[in-house]
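**Q** Got a structure for you, questions after.
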Amino acid sequence: MSQVQDCDVKKCRGRPKVFDREAALDKALTLFWTHGYEGTSLADLVAATGAKAPTLYAEFVNKEGLFRAAMERYVEKFSAWREAALGDDQLPVDRAIEAYFRATAACFTERDSPGGCFFICTSTALSAASAEIATMLQQQHQSQEHVLKDFLLARQQRGELSASVNIPALSRYLSCMLQGMSVRAREGVERDDLESIIDTLMAMWPTLTGLCHAKR
Numbered sequence: 001m002s003q004v005q006d007c008d009v010k011k012c013r014g015r016p017k018v019f020d021r022e023a024a025l026d027k028a029l030t031l032f033w034t035h036g037y038e039g040t041s042l043a044d045l046v047a048a049t050g051a052k053a054p055t056l057y058a059e060f061v062n063k064e065g066l067f068r069a070a071m072e073r074y075v076e077k078f079s080a081w082r083e084a085a086l087g088d089d090q091l092p093v094d095r096a097i098e099a100y101f102r103a104t105a106a107c108f109t110e111r112d113s114p115g116g117c118f119f120i121c122t123s124t125a126l127s128a129a130s131a132e133i134a135t136m137l138q139q140q141h142q143s144q145e146h147v148l149k150d151f152l153l154a155r156q157q158r159g160e161l162s163a164s165v166n167i168p169a170l171s172r173y174l175s176c177m178l179q180g181m182s183v184r185a186r187e188g189v190e191r192d193d194l195e196s197i198i199d200t201l202m203a204m205w206p207t208l209t210g211l212c213h214a215k216r
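Have a look at this one:
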């Protein structure tokens with residue numbers, strides 16, 4: 001074969017595909033979010049991402065590593081913009097909470113993503129064999145509650161909430177509301193359904209901050 005023909009053959013073969021990590025993570029995230037950790041097989045991940053198993057192992061080590069990376073991808077794509085309202089010092093405490101919850105409602109009912117919260121949805125059907133995954137998800141649940149707690153404590157220090165308000169109790173209550181909204185969204189309700197829950201929360205806000213007094 002001549003050198004020219006040899007070059008033509010190489011051109012026809014084309015360049016090997018470059019592994020797109022973010023695209024693969026987005027597809028893996030959707031799979032885990034939809035079917036859970038144990039309900040998603042390596043074969044499912046290979047088929048969805050278009051990457052061969054050795055490529056996934058080289059990048060993420062194992063299925064658990066891929067799940068961890070997908071979890072971080074969820075935080076990057078969804079949690080950060082939801083929490084942006086809590087970092088807006090120009091919003092009074094009640095308006096910031098409302099903005100946070102309405103952003104959450106939009107996230108939970110986003111039509112291009114599975115319904116509900118990734119952390120809550122993937123933690124509901126884990127066996128004892130997935131103890132490390134369960135621990136990771138529990139830490140994320142606690143992290144969400146801590147974000148609310150830190151926000152409320154900061155606003156309490158600014159004088160926007162009474163010093164007698166039991167911030168840990170209020171944070172737990174709000175965290176439970178988020179979990180309930182996730183369940184509703186997973187069941188397929190429309191965003192308006194979650195918005196009505198938030199309307200009720202905001203109507204109750206003065207009462208909540210009045211009732212959640214610190215134990216003496």
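Heads up: the sequence shown is residues 1 to 216, going by our numbering. In this text, a Cβ means the ideal position worked out from N, Cα and C, and glycines have one as well.
If you check the beta carbons only, do R111 and I198 fall under 8 angstroms apart?
**A** Taking the first residue of the sequence shown as position 1, residue 111 is located at position 111. Taking the first residue of the sequence shown as position 1, residue 198 is located at position 198. No, the pair does not count as a contact, with Cβ atoms beyond the cut-off.
**Q** When the Cα of A106 is compared with those of T209, T135, M202 and E195, which residue comes out closest?
**A** Your numbering for residue 106 matches position 106 in the sequence shown. It is E195 whose Cα lies nearest to the Cα of A106.
**Q** Could you check which residue in L152, Q179, C176 and G39 has the C-alpha nearest to that of V165?
**A** Position 165 of the sequence shown, counting from 1, holds the residue named residue 165. Of the listed residues, the one whose Cα sits closest to V165 is L152.
**Q** I need the straight-line Cα distance from A47 to Y173, nearest angstrom please.
**A** Position 47 of the sequence shown, counted from the start, is the residue given in the question as residue 47. Position 173 of the sequence shown, counted from the start, is the residue given in the question as residue 173. So the alpha carbons of these two residues sit roughly 41 angstroms apart.
**Q** Can the beta-carbon of T104 be found closer than 8 angstroms to that of M181?
**A** The residue labelled residue 104 in the question sits at position 104 within the sequence shown. The residue labelled residue 181 in the question sits at position 181 within the sequence shown. Against a cut-off of 8 angstroms, the Cβ pair of M181 and T104 comes out as a contact.
**Q** Answer with buried or exposed for W33, where buried requires no fewer than 16 other C-beta atoms within 10 angstroms of its C-beta.
**A** In the sequence shown, counting from the first residue as 1, residue 33 sits at position 33. Label assigned to W33: buried.
**Q** Quick one: using the 10 Å Cβ neighbour count with 16 as the cut-off for buried, is S41 buried or exposed?
**A** Along the sequence shown, one-based indexing puts residue 41 at 41. S41 comes out exposed.
**Q** Relative to the C-alpha of E38, which candidate in R82, A134 and T109 has its C-alpha closest?
**A** Working through the sequence shown from its first residue, we reach residue 38 at position 38. Checked all of R82, A134 and T109; the closest Cα to E38 is A134.
**Q** Shortest alpha-carbon distance to L86 belongs to which of Q144, D193, V189 and L25?
**A** Residue 86 sits at position 86 when you count from the first residue of the sequence shown. Answer by Cα proximity: Q144.
**Q** Going by DSSP in three states, V189 sits in which element: helix, strand or coil?
**A** Stepping through the sequence shown from its first residue, residue 189 is reached at position 189. Correct three-state label for V189: coil.
**Q** What does a CB cutoff of less than 7 angstroms around D217 pick up in its chain, not counting 5 residues either side in sequence?
**A** Residue 217 lies beyond the residue range present for the chain, which begins at 1 and ends at 216; the question has no answer from this structure.
**Q** Who are the near neighbours of G115 in its chain, counting only those whose CB is closer than 7 angstroms to its CB and skipping five residues on each side?
**A** Numbered from 1 along the sequence shown, position 115 holds the residue referred to as residue 115. Result list for G115: F108, T109, A185, R186 and G188, in chain order.
**Q** Grab me the residues of S175's own chain with a C-beta within less than 7 angstroms of its C-beta, minus the 5 sequence neighbours each way, in chain order.
**A** For the purposes of this step, residue 175 is identified with residue 175 of the sequence shown, where counting begins at 1. Hits under 7 angstroms: Q144, E145 and L148.
**Q** DSSP on V230, reduced to helix/strand/coil?
**A** One cannot answer for residue 230 here, as it falls past the ends of the chain, which runs 1 to 216.
**Q** Suppose contacts are defined by Cβ-Cβ distances below 8 angstroms. Is L208 in contact with L170 by that definition?
**A** Indexing the sequence shown from 1 puts residue 208 at position 208. Indexing the sequence shown from 1 puts residue 170 at position 170. Yes.
**Q** Since V93 contacts R155 with CB under 8 angstroms, what's their CB separation in whole angstroms?
**A** For the purposes of this step, residue 93 is taken as the residue at position 93 of the sequence shown. For the purposes of this step, residue 155 is taken as the residue at position 155 of the sequence shown. Confirmed, Cβ separation roughly 4 angstroms.
**Q** Pop quiz: A28 and L66 are said to be a contact at Cβ under 8 angstroms. What is the actual Cβ separation, rounded to whole angstroms?
**A** Counting from 1 along the sequence shown, the entry for residue 28 is found at position 28. Counting from 1 along the sequence shown, the entry for residue 66 is found at position 66. The pair is a contact, with the Cβ atoms about 6 angstroms apart (cut-off 8 angstroms).
**Q** Check this for me: beta carbons of A80 and D88, under 8 angstroms apart or not?
**A** Indexing the sequence shown from 1 puts residue 80 at position 80. Indexing the sequence shown from 1 puts residue 88 at position 88. The answer is no: Cβ separation not under 8 angstroms.
**Q** Check whether the Cβ atoms of A84 and L91 sit closer than 8 angstroms, and answer yes or no.
**A** The sequence position of residue 84 within the sequence shown is 84, counting from 1. The sequence position of residue 91 within the sequence shown is 91, counting from 1. Contact: no.
**Q** To which residues of the same chain is C12 closer than 7 angstroms at the C-beta, ignoring the five residues directly before and after it?
**A** The residue labelled residue 12 in the question sits at position 12 within the sequence shown. With a pLDDT of 49 at C12, under the threshold of 50, the modelled position of this residue cannot be trusted; read the value that follows with caution. Within the same chain, C12 has no close Cβ partners at all.
**Q** Span of the alpha helix (DSSP H) holding S79?
**A** Indexing the sequence shown from 1 puts residue 79 at position 79. Where S79 is concerned, there is no enclosing alpha helix (DSSP H), given that its DSSP letter is neither H nor E.
**Q** Ordered along the chain, which non-local residues of its own chain (more than five positions away) have a Cβ less than 7 angstroms from that of L137?
**A** As a working mapping, residue 137 is identified with position 137 in the sequence shown. The residues are F119, T122 and S123.
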